[in-house]
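First residue of the first sequence: 7, per the numbering used here; consecutive thereafter.
Yeah, the Cβ is synthetic: ideal placement off N, Cα and C, and Gly gets one too.
All figures in this text were calculated on a predicted structure; none of them were measured in a lab.
Structure record follows, encoded as structure tokens.
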Amino acid sequence: MPTALEVLLPLPLEPLTYLPPLARPLGPIGARVAVPWQGGVRIGLVVGHREVPAGRGLELREAVDWLDARPFLSAMAVDALKRIARYAAAPTGVVLAGLAPTGFHQALRWEVRAAQGAGLLAAGLSADEWTDAAAVNVELLELLRSQGLLDERVEAELRTVRVVVPRALADEALEGARRANQRAALEHLWSVEQADSAAALARDSDVPESAVRALIEKGYAEYAEVPAPAPALPRATSEAELPPEVAAEAVPPEGDGAIVGGLRRDRLAALLPRLQADLDAGGSVLVLVPEHAYLEETAAILAGLPLQILAGDADDEQRMRLFEELPDGGPVVLLGTYLALLAPLPGLARVVVLESASSSYKLQAGARLFVPAAAALLADAAGAALTLSEALAGPDLVARVSASDRRSLPLPRLRLHVADVNGAGNWPLHPDLITVLRQVEARERQAVLLAPRRGYSAALGCPDCGWMAGCPNCDLTLRYHRQDGTLRCHQCGYEQAPPALCPECGGTDLQPLRGAGTQWVASQVAKMLASFPVYRFDRDRRDDLSALLAGGPGVVVGTTAVLRLPRLPNIALVGVTLFDTHLGRADFRAEEEALRFLMQLAEFAPERRPLIVVQTYQPDHPVLEAVLADPPEASVEVAIGRLLERRRRFAYPPFTALAKLQLTARTQSVASNAAAALADELLRRGASTDEILGPAPAPVARVKGQYAFQLFLRVNAEDRRETLLDGLPARLGGARLHVDVDPRDVGALIE
DNA sequence: AACGAGAGACAA
DNA sequence: TGTCTCTCGTTC
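As structure tokens, this is what we get:
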């Protein structure tokens, strides 16, 4: 029986079967191969070999050519890829498209010629000369290939750059004093062989540019396209930082484990000896960060180790070079975002997930992966240890890592003041916050105010009849942006001018309603503190903060984008204008994430310990009480214990496995019927009625003109979830199905 | 994802 | 009847 290739394309498909390229060896799992696809060729990944019956071979098409002689992704990474796809209930190709940072979208040069002895002059193909395949009829190519009459080769197109190269030696025409400059430039060019540009050559040989131009005009030198030099690998740009001293007992264990508590850099310092031991033993380590903003500070502390970096800012050539060089290098620490998950590290011994509960790890596109879950599957496939790091030993971490495998540092001490906004005037700034802001102003220090959203207010409406401006495409209120005089939908981007009159009752008194955004807070601060510089920092507006970063006085009003700024050197106050948005988020993780948010504020300036003023309608909330205790460790542990107990009682993860299944369609009935049909399908697959919650309209019932219905699948084990979700169709009765495994916005599931 | 086939919607 | 748009099924 002939052996065929299972080829995975970066498309929403499972692997397809191709015969190996004609007259080529079989090639290893993990290598890339060019395959015929829709009249052209594209790059796929060999994820398996399979024996096919001889007769079946006639129906299959041949792959065109190999792009790699050795695996591009390790067999272990291929294995992890399949596991991750099954976990996420997504086509394997979607996971490849989402996680392979390079290698599958390169421009290709595809050439053909007649196979030896085929004699295809009639088809216009020579047996000696390669012909660009694009110039040959597609059906003809298919026919010739299937008959074994075609010889093909595919190579990644090399990037070239235009340079100046010498063409002729100086001769008598360049003699004489008036040609001295041209002669000097030409001699220099011969000695360096090529120059980046005419201007560069002029500069380097210390002659005017006109002299070089003359050389090119006279044919002594010319422009040429040459292969571009290998790009430099991405490097950390900030200075190496001496790691803080950390007790030896805080070093996480050799096997699976976690480091919790302290500040980010304390936890990193605790990790260092462990990483060094891995490297000494010949193993590599993958260190994952949730966001690009943490890369620099992490690299600064890991700077003493052999370190490579891979994140979204690397260009495709840098990524490719890194993928090519990693397997041949020694043990290394690869620091990166989710893009680094499948990197071919030699002897992967450990996967470290920093800030392992960060919601930024939930990818919004493609398979909607939760990266730490994917990292755990990768570690498993590689036989590597998994080490988690986060400030708070939250319910998920406590359930995954036993107490004996956890190492703890003390929690940061917050100077916290809770401002009860019930009945307090001066919305959106509590008098306490104003008082402190005035002190900050008087002492010429710095403050940060965190608002829950950008814009002026969450809505614009009529206080007489209760009407609020809504989006025509979505079931959402329009956000009011007073500064640019618009109402905007933050979901679909719809924009309109605010109406002059209430369209319901004709009232003339339309007002900003509900939550205050950055514009509102900033204008209020400016009104109360006339001479204090006010900066805004959110997606709409990023003021130049260089004066503040240099230590100047002022207040920054922003969204959580502010948390990713470099440290403000003179900060004395952090204000949270409405903590309730954190407490009231529609997810069963809302409270622990609110707690985590407070812990994150300690990162602002650990040595200065700025005062943190939290405005809230719930001043007695257990989350705040836990953090206010001194020392907080015991009370925080109790609070987490209560949250874990609540998850057990109401059958939430980690005690169950959850998936959100959403159906969207342009008409409401299509979406709702499809949701009902999906529930039936799950029952048919053996789910019980109490494992299916819903279907019901999604919390936002219509977004961008699409109606959404959803149901939750809640089962007792992950493998049961995988079985029930395996191979669901992407479309159901005219609606599109979106599967979100381990969703982060579960809403009011308990009721 | 990207293509082509087929079904409706609309104008002439 | 032609042309445009949208939906649906297929890709080894």
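| query | Looking at R76 and A37, is the spacing between their C-beta atoms short of 8 Å? | reply | The residue you call residue 37 lines up with position 31 of the first sequence. The residue you call residue 76 lines up with position 70 of the first sequence. Using a Cβ distance threshold of 8 Å, A37 and R76 count as a contacting pair.
| query | Between L66, D725, R67, G33, which lies nearest to G54 when the distance is taken from Cα to Cα? | reply | For the purposes of this step, residue 54 is identified with residue 48 of the first sequence, where counting begins at 1. For G54, the closest alpha carbon among the candidates L66, D725, R67, G33 is that of G33.
| query | When DSSP labels each residue in this structure, what does D71 get in the three-state scheme? | reply | Numbered from its first residue, the first sequence carries residue 71 at position 65. Residue state, collapsed to three classes: strand.
| said: Tell me the residue span of the beta strand (DSSP E) that contains D157. | reply: Your numbering for residue 157 matches position 151 in the first sequence. Residues 156-162.
| said: Is the separation between the beta-carbon of L466 and that of Q530 shorter than 8 Å? | reply: As a first step, residue 466 must be located in the first sequence, where it is residue number 460. As a first step, residue 530 must be located in the first sequence, where it is residue number 524. In this structure, Q530 does not lie closer than 8 Å to L466 by Cβ.
| request: Look up P172 in the DSSP assignment and give the residues it is bridged to. | output: Reading the first sequence from its first residue, position 166 is the one you call residue 172. The beta-bridge partner set that DSSP reports for P172 consists of A227.
| task | Can you tell me which of the three DSSP states Y93 falls into? | result | Translated into the one-based positions of the first sequence, residue 93 becomes position 87. In the structure shown, Y93 sits in a helix (DSSP, three-state: H, G or I).
| query | Mind checking whether R742 and L630 have CB atoms under 8 Å apart? | reply | By 1-based counting over the first sequence, the position of residue 742 is 736. By 1-based counting over the first sequence, the position of residue 630 is 624. For R742 and L630, no; Cβs fall outside 8 Å.
| field | Residues sharing a beta bridge with Q122, DSSP | value | Here residue 122 corresponds to residue number 116 of the first sequence, with the count starting at 1. Its beta-bridge partners do not exist; DSSP assigns none.
| request: In the DSSP assignment, find the unbroken beta strand (DSSP E) run with V540 in it and report its ends. | output: Taking the first residue of the first sequence as 1, we reach residue 540 at position 534. Its beta strand (DSSP E) spans residues 540-543.
| task | Starting from the C-beta of R151, find all residues in its chain whose C-beta is less than 6 Å away, skip the five residues before and the five after it, and write them out in chain order. | result | On the first sequence, residue 151 is found 145 positions in, with the first residue counted as 1. Annotation for R151: E68 place their beta carbon closer than 6 Å to its own, counting only its chain and skipping 5 residues before and after.
| Any 3 or more C-beta pairs closer than 8 Å across the stretch 613-623 and the stretch 643-657 | No: fewer than three Cβ pairs fall under 8 Å.
| Of the residues V293, V582, V676, A385, which one's Cα is nearest the Cα of R89? | Indexing the first sequence from 1 puts residue 89 at position 83. Among V293, V582, V676, A385, the Cα nearest to that of R89 belongs to A385.
| query | What whole-angstrom Cβ distance do A10 and T23 have, given they're in contact under 8 Å? | reply | Counted from its first residue, the first sequence places residue 10 at position 4. Counted from its first residue, the first sequence places residue 23 at position 17. With a Cβ gap of about 5 Å, A10 and T23 count as contacting.
| said: Less than 8 Å between the beta carbons of F376 and D85, yes or no? | reply: For the purposes of this step, residue 376 is taken as the residue at position 370 of the first sequence. For the purposes of this step, residue 85 is taken as the residue at position 79 of the first sequence. It is not a contact, given that the beta carbons lie outside the stated cut-off.
| task | Starting from D100, trace the alpha helix (DSSP H) both ways and give me its first and last residue. | result | As a first step, residue 100 is located in the first sequence; it is residue number 94 there, counting from the start. The question names Asp, yet the displayed sequence has Val at residue 100. Start and end: 98-105.
| Cut-off 7 Å between Cβ atoms - residues of its own chain near D74, not counting five sequence neighbours on either side | Taking the first sequence and counting its residues from 1, the one referred to as residue 74 is at position 68. If we look at D74 and ignore the five residues flanking it on each side, its Cβ neighbours are A37, R38.
| request: Would you mind working out which of G310, Q324, A309 sits nearest L6, comparing C-alpha positions? | output: This structure cannot speak to residue 6, because the chain is shown only from 7 to 757.
| field | Closest residue to L285 among Y300, P312, R270 (Cα-Cα distance) | value | Working through the first sequence from its first residue, we reach residue 285 at position 279. Ranking Y300, P312, R270 by CA distance to the CA of L285 puts P312 first.
| said: Rounding to the nearest angstrom, what Cα-Cα distance links Q674 and L717 in this structure? | reply: Here residue 674 corresponds to residue number 668 of the first sequence, with the count starting at 1. Here residue 717 corresponds to residue number 711 of the first sequence, with the count starting at 1. Q674 and L717 have their C-alpha atoms spaced approximately 15 Å apart.
| Cβ-based burial, W526 [other Cβ within 10 Å; buried from 16] | Start at 1 with the first residue of the first sequence, and residue 526 comes out as number 520. With 16 or more Cβ atoms within 10 Å of its Cβ, W526 is classed as buried.
| query | Of all the options V100, A94, L66, P107, which has the alpha carbon lying nearest to the alpha carbon of L79? | reply | In the first sequence, residue 79 corresponds to position 73, counting from 1. When only C-alpha atoms are compared, the closest one is P107.
| field | alpha helix (DSSP H) runs contained entirely in the stretch 642-711, provided each spans 4 or more residues | value | Whole alpha helix (DSSP H) segments, 4+ residues: 674-690.
| query | When the Cα of D4 is compared with those of T729, A503, R412, A425, which residue comes out closest? | reply | Nothing can be reported for residue 4: it is not among the residues displayed for the chain, which extend from 7 to 757.
| Which residue from R737, D402, G739, E331 puts its Cα closest to that of P352? | Here residue 352 refers to the residue found at position 346 when the first sequence is read from its first residue. Comparing Cα-Cα distances from P352 to each of R737, D402, G739, E331, the minimum goes to E331.
| query | Are A227 and L195 close, meaning C-beta to C-beta below 8 Å? | reply | Here residue 227 is taken as the residue at index 221 of the first sequence, counted from 1. Here residue 195 is taken as the residue at index 189 of the first sequence, counted from 1. It is a contact, given that the beta carbons lie within the stated cut-off.
| task | Could you please give the first and the last residue of the uninterrupted alpha helix (DSSP H) stretch that includes L25? | result | The residue labelled residue 25 in the question sits at position 19 within the first sequence. Unbroken run through L25: none, as it is neither H nor E.
| said: Using the Cβ count rule (16 or more neighbours within 10 Å means buried), how would you classify R542? | reply: Numbered from its first residue, the first sequence carries residue 542 at position 536. With at least 16 other beta carbons inside 10 angstroms of its own, R542 counts as buried.
| said: Whole angstroms are fine: how far does the CA of I222 sit from the CA of R48? | reply: Position 42 of the first sequence, counted from the first residue, corresponds to residue 48. Position 216 of the first sequence, counted from the first residue, corresponds to residue 222. Rounded to whole angstroms, the separation of the alpha carbons of I222 and R48 is 40 Å.
| message | Comparing C-alpha positions only, which one of L105, A707, A683 sits nearest to R374? | response | Counting from one through the first sequence, the residue named residue 374 turns up at place 368. In terms of Cα proximity to R374, the closest of L105, A707, A683 is L105.
| field | Beta-carbon contacts of K224 that lie in its chain and below 7 Å, excluding the five residues immediately before and after | value | Indexing the first sequence from 1 puts residue 224 at position 218. By the criterion of a C-beta distance shorter than 7 Å, K224 is surrounded by no residue of its chain, once the five residues flanking it on both sides are discounted.
| query | What distance in whole Å lies between the Cβ atoms of S395 and L277, which are believed to be in contact at a cut-off of 8 Å? | reply | Here residue 277 refers to the residue found at position 271 when the first sequence is read from its first residue. Here residue 395 refers to the residue found at position 389 when the first sequence is read from its first residue. With 8 Å as the limit, L277 and S395 qualify as a contact, their Cβ atoms being about 7 Å apart.
| Starting from S463 and walking both ways along the alpha helix (DSSP H), at which residues does that stretch end? | Here residue 463 corresponds to residue number 457 of the first sequence, with the count starting at 1. It is not in any alpha helix (DSSP H) - S463 instead sits in the beta strand (DSSP E) that spans 463-467.
| query | Hey, quick one: how far does the beta strand (DSSP E) through D53 stretch, first residue to last? | reply | Position 47 of the first sequence, counting from 1, holds the residue named residue 53. What sits at residue 53 in the sequence shown is Val, not Asp. Looking at the DSSP string, the run of the beta strand (DSSP E) that includes V53 is 46-57.
| query | Of all the alpha helix (DSSP H) runs that stay within the bounds of the stretch 384-417, which reach a length of 4 or more residues? | reply | Complete alpha helix (DSSP H) runs here, min 4: 401-406.
| task | Starting from the C-beta of S641, find all residues in its chain whose C-beta is less than 6 Å away, skip the five residues before and the five after it, and write them out in chain order. | result | Working through the first sequence from its first residue, we reach residue 641 at position 635. When the five nearest sequence neighbours on each side are left out, the beta carbons in the same chain lying within less than 6 Å of the beta carbon of S641 are those of A632, A635, in order along the chain.
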